[in-house]
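Input: a single structure, listed below in structure tokens.
Number of protein chains: 2
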Amino acid sequence: MARRATPEQVGQATVKDVAARAGVSISTVSRVLGGTYPVATATRAKVVRAMRELDFVVNAHARALAGAHTKVVAFVLDDVTGPFHAAVARGVEHQATTEGRLCLLCTTHGDPQRELAVIELMREQQADAVILVGGAWEDSAHQERMTHFARALDRSGSRMVLCGRPALGPDVPATVVEYDNENGAYAITSHLLSAGHRRIAFLGVVEKLTTTTQRVRGFTEAHRAHGLAPDPDLIVTGAFTRGSGYQMTKQLLADGKPFTAIFAATDIVASGVYQALREADLRIPEDVSVVGYDDIPLALDLVPPLTTVHVPHDELGRTAVRLAINRATEPVQHVMLGTHIAVRQSVGPPPPR
Amino acid sequence: MARRATPEQVGQATVKDVAARAGVSISTVSRVLGGTYPVATATRAKVVRAMRELDFVVNAHARALAGAHTKVVAFVLDDVTGPFHAAVARGVEHQATTEGRLCLLCTTHGDPQRELAVIELMREQQADAVILVGGAWEDSAHQERMTHFARALDRSGSRMVLCGRPALGPDVPATVVEYDNENGAYAITSHLLSAGHRRIAFLGVVEKLTTTTQRVRGFTEAHRAHGLAPDPDLIVTGAFTRGSGYQMTKQLLADGKPFTAIFAATDIVASGVYQALREADLRIPEDVSVVGYDDIPLALDLVPPLTTVHVPHDELGRTAVRLAINRATEPVQHVMLGTHIAVRQSVGPPPPR
DNA sequence: ATCGTGGTCGTAACCGGTTCCGCCACGAGG
DNA sequence: CCTCGTGGCGGAACCGGTTACGACCACGAT
């Protein structure tokens, strides 16, 4: 890139330019920039004036290189479009701003390889914290690589944060902010069970994903607590999408297996369930009760409003960056946020046979 | 920060460390890093090995400082949670990744001041492009500041991108990627008019926001084309939220002004409209027809599915970064993406009186 | 009048890379 | 056998800031 022809007004002004214009040394400019050093009022005024006249802005890279920290937190998630992730992202972004940090965003689109690659990029960026949002893959090789990264980040003064996924191990230097996935599933399943449902379908098991594993566990435990066991045929595999919810429900209906309630793995899945039921002329909750998980805004727009498990998205995101950034003073680096069910109108007693 | 005690394994490994371990010079290490220079195969192997052994990653800041560009695009939007913005963000992120860039994300929460402050931050970060997503404020002081930033960014080799908002002026160095807001509103209003509606309420005018201004203009023009004029009493001010849509509808109903259709400024607003109508026992579209704008996923989940204006969110985001990053080879820096109406089931003929 | 002292400011050494320039050894051509 | 060209590599000057260190000045105190 060609440097400026005249010392001013072309290209980006530097401290050198400011110093020259203000008639002071570079270090003096740097001092008023940092603010943390005595500079005579008159001198400061000259410098500030020169900065304004030259429309000067510091070069964040130079500053990061010379100083200690980067003022950037990175967070990686599946997809910004997913309301769940978006809500967490919002919390992350908000808290990062509060802490005076910028946000680096990366998406993986559900690809474990890409997740690894992205973390590498974040290491290059010297991010203060790298926040991994959402469920993790139950793959030991992947977890090993992840552990490696956690240590590498720790070694370079950064921090890995597991947000909405379980810890990697007791000796892995990472901050963990979970939400009570299993108990949420347990609670809402109990809700269904208490209403009298005995044949409940769980739709949307994603293999090897901690999120579903935990939800299915809560689902199963709740049955057990009622002296029951879920019918394996009613636990169906799918994706966390509207289309998948629709397909799974259609299939379930086609199979003819009796059921009186559906536990959709996520609210998005539930929206697909709603449509399939509507097309089958089945009323909610008179014919079939439906519950979801996540409590995204959509839950209110479904007709009838969806009974679901509320997850503290925002708090999840905020806590993640708060703990990571202030880890020097924050004693606890592993928290489990509570979930609770949000009762609305999609659950009723099972229909009389 | 204390430097490493031993030359290896503590802190972050640098090119110097790698060079020492591989028994070559710093410049050689840099050359294999860059890839763009002849290095003997044997030497390269030694270096690569040393890098792996030391778990080396380049320091992006040092690289940015020494080299030319940053490999980062910044984008600022109102709120990640909004489905519209999220969808654009997804496009931005995707294209940025394709172009080998990282994404810096900032939110303004509708605060013009913050938007300005954020752009300043992005300048510090030397972002390759700064993408502003969503409508702009029709405030001349604000636009002036914006113009100033556009020039400043241009001067430092960066680029401002207006994504979903109108150009600032013919001589302002900025890339503009708009969508046809007015024609979309015109089309869907015509759709309503053609169905026989004559008293259509427009809900959700946000003062001084280009987005609503353009939509209202299309709304008005469509009326005019039919030899009509909208009733000013039916154009109501509000926010782009579900709650606002709900409130405005309630109020409209309470006012007793006759109307047979509602044009919600956005789909989110429409969701509030739906609820208010449901509570008033008014059927859609038998009693009231409703249309929205944006075509976010929610439109499909509303009952009945919402007829709305489809906006090419994803393309909007992708085009924004594509044009900005490749502006050297992309001849046109101002594009207007088309919109079209997505007909679903929320519009019918007006009820017989 | 001299010395000590505290407040300001300039000089220079970094931070961790990239890249221009020049050196060296080697093989080929005269 | 000597010279010239060339591929591979090292030395050093940056990029734009921060900061330790020391110089300088004007004070009040002795």
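For the protein sequence lines, the chains are A and B, in the order given. Counting in numbering that gives the first Met the number 0, the first sequence runs from 0 upward without gaps. Counting in numbering that gives the first Met the number 0, the second sequence runs from 0 upward without gaps. Virtual Cβ for every residue (Gly too), placed ideally from N, Cα, C. It should be emphasised that the depicted structure is a prediction, and the values quoted were computed from it without experimental measurement.
Beta-carbon gap between residue i and residue j smaller than 8 angstroms
i: residue 209(A); j: residue 143(A); result: no
i: residue 267(A); j: residue 308(A); result: no
i: residue 214(A); j: residue 279(A); result: no
i: residue 346(A); j: residue 190(A); result: yes
i: residue 334(B); j: residue 160(B); result: no
i: residue 38(B); j: residue 48(B); result: no
i: residue 252(A); j: residue 201(A); result: no
i: residue 71(B); j: residue 320(B); result: no
i: residue 203(B); j: residue 247(B); result: yes
i: residue 342(A); j: residue 318(A); result: no
i: residue 111(A); j: residue 141(A); result: yes
i: residue 23(B); j: residue 46(B); result: yes
i: residue 297(A); j: residue 322(B); result: no
Residues near residue i in its chain [Cβ-Cβ closer than 6 angstroms; skip 5 each side]
i: residue 259(B); result: 196, 198, 349
i: residue 117(A); result: 75, 105
i: residue 146(B); result: 167, 171
i: residue 0(A); result: The predicted model places residue 0(A) with a pLDDT of 37, which falls under 50 and marks its position as unreliable; any figure quoted below should be read in that light. Closer than 6 angstroms at the Cβ level, and outside the excluded window around residue 0(A), lies no residue.
i: residue 344(B); result: 303, 304
i: residue 125(A); result: 69
i: residue 257(B); result: 198
i: residue 284(A); result: 345, 346, 347
i: residue 148(A); result: 118
i: residue 293(B); result: 83, 265, 266, 310
i: residue 286(B); result: 350
i: residue 273(B); result: 301
i: residue 28(A); result: 14, 17, 18, 46
Counterpart residues of residue i in DSSP-defined beta bridges
i: residue 307(A); result: 341(A)
i: residue 288(A); result: 260(A)
i: residue 178(B); result: 336(B)
i: residue 267(B); result: Per DSSP, none; premise fails for residue 267(B).
i: residue 106(B); result: 76(B)
i: residue 145(B); result: Residue 145(B) is not bridged to any residue.
i: residue 50(A); result: Bridge partners of residue 50(A): none, in fact.
Exposure of residue i, with buried meaning 16 or more beta-carbon neighbours within 10 Å
i: residue 180(A); result: buried
i: residue 207(B); result: exposed
i: residue 211(B); result: buried
i: residue 5(A); result: Low local confidence applies: a pLDDT of 40 at residue 5(A) is under 50, so the model's placement there is unreliable, and no value is given.
i: residue 261(A); result: buried
i: residue 25(A); result: exposed
i: residue 217(B); result: buried
i: residue 12(A); result: buried
i: residue 99(A); result: exposed
i: residue 331(A); result: exposed
i: residue 40(B); result: exposed
i: residue 101(B); result: buried
i: residue 36(A); result: exposed
i: residue 224(A); result: exposed
Residues near residue i by beta carbon distance below 7 angstroms, same chain, minus five either side
i: residue 115(A); result: 144
i: residue 152(A); result: 122, 129, 158, 159
i: residue 325(B); result: none
i: residue 249(B); result: 275
Residue span of the alpha helix (DSSP H) that contains residue i, given as start and end
i: residue 195(A); result: Careful: residue 195(A) lies outside any alpha helix (DSSP H) and carries neither H nor E.
i: residue 17(B); result: 14 to 21
i: residue 210(B); result: 209 to 224
i: residue 281(B); result: Residue 281(B) -> no alpha helix (DSSP H), and no H or E assigned at all.
i: residue 117(B); result: 111 to 123
i: residue 295(A); result: Looking at the DSSP string, residue 295(A) is not in any alpha helix (DSSP H), and its letter there is neither H nor E.
i: residue 248(B); result: 241 to 254
i: residue 31(B); result: 25 to 33
i: residue 87(A); result: 82 to 97
i: residue 322(B); result: 312 to 324
Contacting residues, own chain, Cβ-Cβ under 8 angstroms from residue i (five flanking each side not counted)
i: residue 242(A); result: 271
i: residue 7(A); result: Unreliable placement is indicated for residue 7(A), whose pLDDT of 41 sits below 50; no coordinate value is reported for it.
i: residue 88(A); result: 74, 76, 79, 104, 132, 316
i: residue 219(A); result: 228, 229
Residue i: first and last residue of the uninterrupted beta strand (DSSP E) it sits in
i: residue 76(A); result: 71 to 76
i: residue 132(A); result: 128 to 132
i: residue 236(B); result: 234 to 236
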